[in-house]
Amino acid sequence: MEMIWSSNLEELKKGFTEGTEVFTCLLCEKSIEKGIIYPYEGFNYEAERFMRIHIQKEHGSVFEYLIGLNKKLTGLTDHQKNLLNLFYQGKSDKEIQTELEIGSPSTIRHHRFALKEKERQARIFLTLMELLDEKDQHAPAFVPIHKTATMVDERYNITQEEQTSIVEKFFKESKLNKFPPKEKQRLVVLREIAAQLQKERIYKEKELNEEISKFYEDYVLIRRYLIDYGFLTRKNDGSAYWLEN
Numbered sequence: 001m002e003m004i005w006s007s008n009l010e011e012l013k014k015g016f017t018e019g020t021e022v023f024t025c026l027l028c029e030k031s032i033e034k035g036i037i038y039p040y041e042g043f044n045y046e047a048e049r050f051m052r053i054h055i056q057k058e059h060g061s062v063f064e065y066l067i068g069l070n071k072k073l074t075g076l077t078d079h080q081k082n083l084l085n086l087f088y089q090g091k092s093d094k095e096i097q098t099e100l101e102i103g104s105p106s107t108i109r110h111h112r113f114a115l116k117e118k119e120r121q122a123r124i125f126l127t128l129m130e131l132l133d134e135k136d137q138h139a140p141a142f143v144p145i146h147k148t149a150t151m152v153d154e155r156y157n158i159t160q161e162e163q164t165s166i167v168e169k170f171f172k173e174s175k176l177n178k179f180p181p182k183e184k185q186r187l188v189v190l191r192e193i194a195a196q197l198q199k200e201r202i203y204k205e206k207e208l209n210e211e212i213s214k215f216y217e218d219y220v221l222i223r224r225y226l227i228d229y230g231f232l233t234r235k236n237d238g239s240a241y242w243l244e245n
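Number 127 in the UniProt record's numbering belongs to position 127 of the sequence shown; there are no gaps in the numbering.
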């Protein structure tokens with residue numbers, strides 16, 4: 001998520017950034033090297049076009065990815081998300097009114113107006129915050145919230161400095177000396193362990209237990225919390241585990 005927060009609006013709309021040697025997907029941080037031709041479904045693509053194909057194939061679209069984020073990250077209610085999805089699909093006010101079974105087409109127009117108001121307010125707020133960043137010398141650097149966070153609350157109020165301090169306190173030579181008692185500390189510890197797991201690997205339960213055991217002997221406890229905090233996903237039968245992107 002850190003790349004999303006640090007990108008500008010144009011980069012965010014495209015879903016990727018361009019560096020000197022690579023294009024990097026903002027949604028999963030996959031990098032595609034420039035100067036290489038990539039084959040896909042019988043055709044060859046240069047790097048930038050192939051990055052667009054990657055986003056479509058893996059994420060559907062930038063819109064779908066962003067609107068699927070936790071409402072604590074988007075600031076949107078479920079009703080607003082539903083409306084935006086239907087607007088994005090190109091449906092008319094009448095079609096949306098019929099599908100949602102609410103009010104009349106004029107009700108949908110009212111929602112459109114309200115969302116445009118929210119857009120104007122967001123532009124002003126974004127400008128204010130960018131101007132503030134130029135002046136505020138005391139603003140702390142906060143640790144980004146991971147996309148799959150299940151509960152976004154005060155425990156995520158963590159600065160980079162706090163995170164470093166917590167890691168130094170609870171990890172000795174990459175081993176966790178004890179599981180923290182406080183929620184904020186637990187979040188930092190779990191984030192640190194999750195960062196050491198392979199992003200695109202599907203783990204069998206035994207394999208995951210072995211990986212977690214490298215950090216802490218009670219792997220069952222850590223595994224459960226990694227799932228509870230949204231870092232890991234698993235099949236219902238527990239036969240496979242993987243990191244959420």
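The beta-carbon is built from N, C-alpha and C at its ideal position, and this holds for glycine as well.
Exercise. What are the boundary residues of the beta strand (DSSP E) that residue 113 is part of?
Worked result: It is not in any beta strand (DSSP E) - residue 113 instead sits in the alpha helix (DSSP H) that spans 105 to 135.
For this session: Take every Cβ of the stretch 65 to 74, pair it with every Cβ of the stretch 92 to 105, and state whether three or more of those distances are shorter than 8 Å.
Result: no
For this session: Quick one: give me the first and last residue of the alpha helix (DSSP H) that residue 165 is part of.
Result: 160 to 170
Exercise. Touch check for the stretch 175 to 191 and the stretch 212 to 227: three-plus C-beta pairs under 8 Å?
Worked result: yes
Exercise. Looking at the unbroken beta strand (DSSP E) that takes in residue 38, where does it start and where does it end?
Worked result: 38 to 40
Exercise. Between the Cα of residue 200 and the Cα atoms of 114, 171, 10, 232, which residue gives the shortest distance?
Worked result: 232
Exercise. CA-CA distance, residue 48 and residue 26?
Worked result: 14 Å
Problem set entry | DSSP beta-bridge partners of residue 243 | 232
Exercise. According to the neighbour-count rule (16 or more other Cβ atoms, all chains shown, within 10 Å of its Cβ), is residue 65 buried or exposed?
Worked result: buried
For this session: Sort 209, 219, 204, 229 by Cα distance to residue 236 and report the nearest one.
Result: 204
Exercise. If you follow the beta strand (DSSP E) that residue 31 is part of, which residue opens it and which one closes it?
Worked result: 31 to 33
For this session: Specify, as a first and last residue, the run of the beta strand (DSSP E) that residue 18 falls within.
Result: 16 to 18
For this session: Using only alpha-carbon positions, find the residue among 9, 184, 169 that is nearest to residue 63.
Result: 9
Problem set entry | Spatially closest choice to residue 20 from 222, 31, 12, by CA coordinates | 31
Problem set entry | Candidates 28, 29, 45, of which the one nearest residue 35 by Cα | 45
For this session: Quick one: grab the DSSP three-state call for residue 175.
Result: strand
Exercise. According to DSSP, is residue 85 helix, strand or coil?
Worked result: helix
Exercise. Out of curiosity, what's the CA-to-CA distance linking residue 101 and residue 61?
Worked result: 27 Å
Exercise. Taking C-alpha atoms, which residue in 156, 160, 159, 185 lies nearest to residue 170?
Worked result: 185
Exercise. Helix, strand or coil: which one does DSSP assign to residue 77?
Worked result: coil
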